[in-house]
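There are 2 protein chains.
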Amino acid sequence: MIKPTESEMEILQVLWNKGPCTVREVYETLDKKDVGYTTILKLMQIMLEKRMVSRDTSAKSHLYKATIGKEKIQHEFLDRFIETVYNGNTSRLIMQALGNHKASKEEIELIKQYLDNLQE
Amino acid sequence: MIKPTESEMEILQVLWNKGPCTVREVYETLDKKDVGYTTILKLMQIMLEKRMVSRDTSAKSHLYKATIGKEKIQHEFLDRFIETVYNGNTSRLIMQALGNHKASKEEIELIKQYLDNLQE
DNA sequence: ATTGTTCTACGAATGTTTTCGTATATCTAA
DNA sequence: TTAGATATACGAAAACATTCGTAGAACAAT
Chain A
1 MIKPTESEME ILQVLWNKGP CTVREVYETL DKKDVGYTTI LKLMQIMLEK
51 RMVSRDTSAK SHLYKATIGK EKIQHEFLDR FIETVYNGNT SRLIMQALGN
101 HKASKEEIEL IKQYLDNLQE
Chain B
121 MIKPTESEME ILQVLWNKGP CTVREVYETL DKKDVGYTTI LKLMQIMLEK
171 RMVSRDTSAK SHLYKATIGK EKIQHEFLDR FIETVYNGNT SRLIMQALGN
221 HKASKEEIEL IKQYLDNLQE
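So the protein sequences, as listed, match chains A and B.
The first sequence runs 1 to 120 under the working numbering.
The second sequence runs 121 to 240 under the working numbering.
So this is what it looks like as structure tokens:
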């Protein structure tokens, strides 16, 4: 199973949000002053080996894009997370998420509607 | 900040659920056939160094207990998780959690009540 | 065409986590 | 009291993950 590391996840987020990017675009978007350009380059090359991304090499600056879907990866991470951190207790995760985070009225309504749908 | 690794988290889960345990109890509870006893022992000794656990050495088999609270650690992990995996979008996490997991009527009711409380 | 900039490739150092083997101590039961 | 089972301690290997330096290709502008 594909399991991106934390750094790989950050890069994937950029690719998911912005679509295909060059290394430099990713580097600048992440804006991590503590890490050099070639570090990001290397990471993305490794991600290519692992087939998490593909690239278009027709131009001098290669264009990378994610080959794995955001939803799929989020789903897998969430399952693992609930297992290891919440011991499988999804309700607790949800309540704690609701608790930590100051939800707006709109968000609460949205989630309620979602729950109503589930109840049918 | 204390940031347990994935393996450390599994051990902490056991200690949180069962209370103070010996290495063997943890080892048997985890029931990972692919990992030896001394591996778990070593991990727990490292956790002791990191002060994630304390131990009572009065008997031959030492009794370990978690020194860090479940809620605190879950909270920290959740924040980081929402950031790296959901890009800060808590509502999406909640909905995906609700979607993946077949919630019982009771759970849904519980969450709804929780939302009602939040709305005041 | 030479110079400076920007790119890729890639080896290798560093750091962290996980794993286990072996030595040694302690207990238990014949 | 000796043999076997069960503990701990701990060094060190193995497996990953992260970081960067340096070499050289491609390009742009003078």
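Glycine included, every Cβ here is placed at the ideal spot set by N, Cα and C.
It should be emphasised that the depicted structure is a prediction, and the values quoted were computed from it without experimental measurement.
Within its chain, find whatever has a CB closer than 6 Å to the CB of residue i; leave out the 5 residues flanking it on each side and keep chain order.
i, result
"R80 (chain A)", "none"
"H62 (chain A)", "R55"
"G189 (chain B)", "none"
"R92 (chain A)", "Y86"
With DSSP as the reference, label residue i as helix, strand or coil.
i, result
"A66 (chain A)", "strand"
"S174 (chain B)", "strand"
With a CB to CB cut of under 8 Å and the five nearest residues on each side skipped, what residues in its chain are close to residue i?
i, result
"S90 (chain A)", "In the sequence as displayed, the identity of residue 90 (chain A) is Thr instead of Ser. I82."
"G208 (chain B)", "I202"
"A186 (chain B)", "L132, L135, W136, M172 and V173"
Measuring only between beta-carbons, confirm whether residue i sits less than 8 Å from chain A.
i, result
"I65 (chain B)", "Nothing about residue 65 (chain B) can be read from this structure; chain B reaches only from 121 to 240."
"Y206 (chain B)", "yes"
"L235 (chain B)", "yes"
"M215 (chain B)", "yes"
"L218 (chain B)", "yes"
Would residue i count as contacting chain B if we go by Cβ distances under 8 Å?
i, result
"T90 (chain A)", "yes"
"M52 (chain A)", "no"
"D79 (chain A)", "yes"
"I46 (chain A)", "no"
"H101 (chain A)", "yes"
"A107 (chain A)", "In the sequence as presented, Ala is not what sits at residue 107 (chain A); that position holds Glu. True, the Cβ-Cβ gap to chain B drops below 8 Å."
"L30 (chain A)", "no"
"L118 (chain A)", "yes"
"L41 (chain A)", "no"
"H75 (chain A)", "yes"
Between the segment 7-25 of chain A and chain B, which residues of the former have a C-beta closer than 9 Å to a C-beta of the latter? M9, E10, Q13, W16 and N17
Contact between the segment 67-79 of chain A and the segment 211-231 of chain B: three or more CB pairs below 8 Å? yes
Quick one: any contact between the segment 26-34 of chain A and the segment 11-18 of chain A, if contact means 3 or more CB pairs under 8 Å? yes
For the segment 103-112 of chain A against the segment 227-235 of chain B, are there 3 or more C-beta pairs whose distance is under 8 Å? yes
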